[in-house]
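Step one of this worksheet: look at the structure below.
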Amino acid sequence: MGVYCEDLGDIDRAIQEYQQALKDDPGSSLLHFSLASAFIKKNDAESAIDQLNQASTLAPEAVEPHAVLALVYASQNKQELAAQEYELALKNASKLEPENIEIYRSLGLIYLQRKKLKEAQSIFKLITGMAPDDAEAHFYLASIYYENKDYGPAEKELKAALKLKPDYHEALNFLGYFYLEQDRSINKAGSMIRKALSFEPENGAYIDSLGWFYFKKGKFKEALSHLEKAATLLSDPEIYEHLGDVYLKLGNPDNAKLNWEKSLKLDADREKVKQKLFKLTNGK
Numbered sequence: 216m217g218v219y220c221e222d223l224g225d226i227d228r229a230i231q232e233y234q235q236a237l238k239d240d241p242g243s244s245l246l247h248f249s250l251a252s253a254f255i256k257k258n259d260a261e262s263a264i265d266q267l268n269q270a271s272t273l274a275p276e277a278v279e280p281h282a283v284l285a286l287v288y289a290s291q292n293k294q295e296l297a298a299q300e301y302e303l304a305l306k307n308a309s310k311l312e313p314e315n316i317e318i319y320r321s322l323g324l325i326y327l328q329r330k331k332l333k334e335a336q337s338i339f340k341l342i343t344g345m346a347p348d349d350a351e352a353h354f355y356l357a358s359i360y361y362e363n364k365d366y367g368p369a370e371k372e373l374k375a376a377l378k379l380k381p382d383y384h385e386a387l388n389f390l391g392y393f394y395l396e397q398d399r400s401i402n403k404a405g406s407m408i409r410k411a412l413s414f415e416p417e418n419g420a421y422i423d424s425l426g427w428f429y430f431k432k433g434k435f436k437e438a439l440s441h442l443e444k445a446a447t448l449l450s451d452p453e454i455y456e457h458l459g460d461v462y463l464k465l466g467n468p469d470n471a472k473l474n475w476e477k478s479l480k481l482d483a484d485r486e487k488v489k490q491k492l493f494k495l496t497n498g499k
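With our numbering, the residue at position 89 of the sequence shown is 304, and numbering never jumps.
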C-alpha cells in the first residue's frame, strides 16, 4: 500500500502505510529505506537521515542506504559526511562486485578527496594489477607518490600513463612541471606543457606551468605574462608564489611581497613562501 500510494503521488498516505508496516516489522531495512525515500520526497531531510541510518544499521552490507545518505548530506552541503557515506557505499559495492574496476576507481577518488593517501594508493595499485593498461590509475598513483615526496615512483607512473595514452594532457602537464621542479629536462618539459595546452589552451594550471618554464629558462618577462594570465583564470597559492618569484627577479620586491602574501592567504602552511617573505623583509 505504501508503494502504491507513493506511485500515485500521495506521499503523506505512503508515509502512514510505511510506518504502520514498521510496527509489525521494525527490523526491516527495506521498510526503513522506503520510509526514508518518502521523507525525501516531502523534503524532510532529518527524518530521512534517521530512517536511512536505521536501514544501514539493520543491513550493514547494503549499498543503497549509504548511497542515498551521501546524496542527502551533499544536498545539505555536509561534504565530509557525504564523503564518508560514499566511501561506505563503495566499500559494500566492491564486495558485491569484486571485479568492477569502476567501483574501485570511485572509491580511490573518495579516498583522495578525504586525503586518505595510504588507502587510495592501495586501491589504485589494485586497479593497475587488475588492469595494467588503465592510464588513469597510473596517473592517480603518480599523484599519491608525488604528494608523499616519493619522486622516483611518481615519474615511473606518469611515464606509464603517457605510454598508454600519449595525449593524456593532465599527465603531460604533470610530468612537464615535475621536470621543472627537478631542474632537469627543461626543454622536454616545455614541449610537454605546450602539448597539454594544445588540448586546453585556457587551463590556468597549464599556463602557470608554461610561465614557470620561462622562469627556469631565465625569460622573466615571458614568465610574468603567462603567470599573470594564469592568476586571472585560477586562484591558486602556487601561481601567486611563482608571480612573487618572477617579480623579485625583475627587481620589483613590493609586488613580490604582495603576491607571496596572496599565496599565504590561500594556504597558510606554505613554508617556502614564509621563508621568502622573511628573507625579503629582513634582508637576510
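Cβ atoms here follow ideal geometry from the backbone N, Cα and C, with glycine treated the same way. Because the structure is a prediction, the values reported are computed rather than measured.
| query | result |
| --- | --- |
| Among residues of its own chain, excluding the 5 on either side of K477, which ones have a beta-carbon nearer than 6 Å to its beta-carbon? | Y455 |
| Which term fits R320, buried or exposed, when burial requires 16 or more other beta carbons within 10 angstroms of its beta carbon? | buried |
| Using the three-state DSSP reduction, which class does L465 fall into: helix, strand or coil? | coil |
| Tell me the rounded alpha-carbon separation between C220 and R228. | 6 Å |
| Under the assumption that G419 contacts L448 (Cβ atoms under 8 Å), give the Cβ distance between them as a whole number of angstroms. | 3 Å |
| How should F493 be labelled, buried or exposed, when 16 other C-beta atoms within 10 angstroms of its C-beta is the threshold for buried? | exposed |
| Run the CB neighbour count on Q266, radius 10 Å, all protein chains shown included, and call it buried at 16 or more, exposed below. | buried |
| Answer yes or no: do H457 and F428 have a C-beta to C-beta separation smaller than 8 Å? | no |
| Could you check what DSSP says for L449 in three-state terms: helix, strand or coil? | coil |
| Under 8 Å Cβ to Cβ from A376, same chain only, skipping five residues before and after it: list those, please. | A350, E351, H353, F354, A357, Y383 and A386 |
| Hey, how far is the Cα of P381 from the Cα of V218? | 52 Å |
| Span of the alpha helix (DSSP H) holding Q269? | A260 to L273 |
| Using three-state DSSP, classify G224 as helix, strand or coil. | coil |
| Please say whether N388 and A369 have beta carbons closer to each other than 8 Å? | no |
| Rounded to a whole number of angstroms, what is the C-alpha to C-alpha distance between K340 and M216? | 48 Å |
| Following the continuous alpha helix (DSSP H) through D504, name the residue where it begins and the one where it ends. | Residue numbering for the chain in the displayed model covers 216 to 499; residue 504 lies beyond these limits and cannot be assessed. |
| Counting pairs of Cβ atoms below 8 Å between the segment 258-276 and the segment 238-248, do you hit three or more? | yes |
| Going by other Cβ atoms of all chains shown within 10 Å of its Cβ, with 16 needed for buried, is D460 buried or exposed? | buried |
| Rounded to whole angstroms, what's the CA-CA distance from K464 to R329? Just pull it up for me. | 38 Å |
| Between which two residues does the alpha helix (DSSP H) carrying S249 extend? | S244 to K256 |
| What did DSSP end up calling V287 once you bin it into helix, strand or coil? | helix |
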